[in-house]
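Numbering (the UniProt record's numbering), first residue to last: 1 to 272.
We put the CB at the ideal spot given by N, CA and C, even for glycine.
Single-structure report; data block below.
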């Protein structure tokens, strides 16, 4: 693809890389070298990255992502999981009492270790795939005060994210406007939550629709963060979707860079 020319400083809060080539043999699927090339084409100067879904714990995958980020414009987030199933129904409550699956899940000690490891700058949580952390883990997340990028969508809608996470003092970046895959009603629900939750932010990855993007940026210009959703979307395409919106240039600067720099420290412009 041709390189974009736009004059904005752009940082990306949502990209996945694949540290285990043997498990994902298809070329280009979350490849860090390809991501770096595509970032350059799109004018993206830094990007948050995390590993894809795994069976078992994420320690090895997280460490691999952190190693791959060294010397690259990548900011590693540690992926975490939990034993609780989302949802307030009786079935979910019973499964939560019994525990979710087998094996180890993220502990408060894991959160503390990641937080004070200078290779990680936040956390990634996909409740639909990985479950929800325990109350003790959520309290530890609030203590370390690092951002948590949360997958939102049909399986776990914005209202469920609000019920489970937003009662804690945790900076939450709700991916896909909480609406994967492309559910406008859920986008509206996520935008409405911004008025009541100061620690909630929305990322633009794979949102696609102009109306909710423009409305969120106009109503809450400090709470929307650019996310490409790479490798599912080329960063060029994701950047162009924002560039073509009918919003003020100052708001666009906030979405592309300023807002993310306030939430994720390494995404802020470097001071020399």
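- Per DSSP, the beta bridge partners of residue 153 are 180.
- Taking C-beta separations shorter than 6 Å and ignoring five residues to either side along the sequence, the partners of residue 170 in its chain run 141, 142 and 148, following chain order.
- For residue 170, the three-state secondary structure derived from DSSP is coil.
- Exposed is the label assigned to residue 240, since fewer than 16 other Cβ atoms lie within 10 Å of its Cβ.
- Residue 248 is classed as exposed because its beta carbon has fewer than 16 other beta carbons within 10 Å across all chains shown.
- Distance from the CA atom of residue 200 to the CA atom of residue 173, rounded to whole angstroms, is 6 Å.
- Two segments are said to touch when three or more pairs of C-beta atoms, one from each, lie closer than 8 Å; by this definition the stretch 148-157 touches the stretch 123-134.
- DSSP, read as helix, strand or coil, puts residue 230 in strand.
- Contact between the stretch 223-240 and the stretch 7-19 is present: 3 or more CB-CB pairs across the two stretches fall below 8 Å.
- Taking all protein chains shown into account, residue 195 has fewer than 16 neighbouring C-beta atoms within 10 Å of its C-beta and is therefore exposed.
- Within the same chain, 18 and 231 come within 7 Å of residue 29 by CB-CB distance, once the 5 residues on both sides are set aside.
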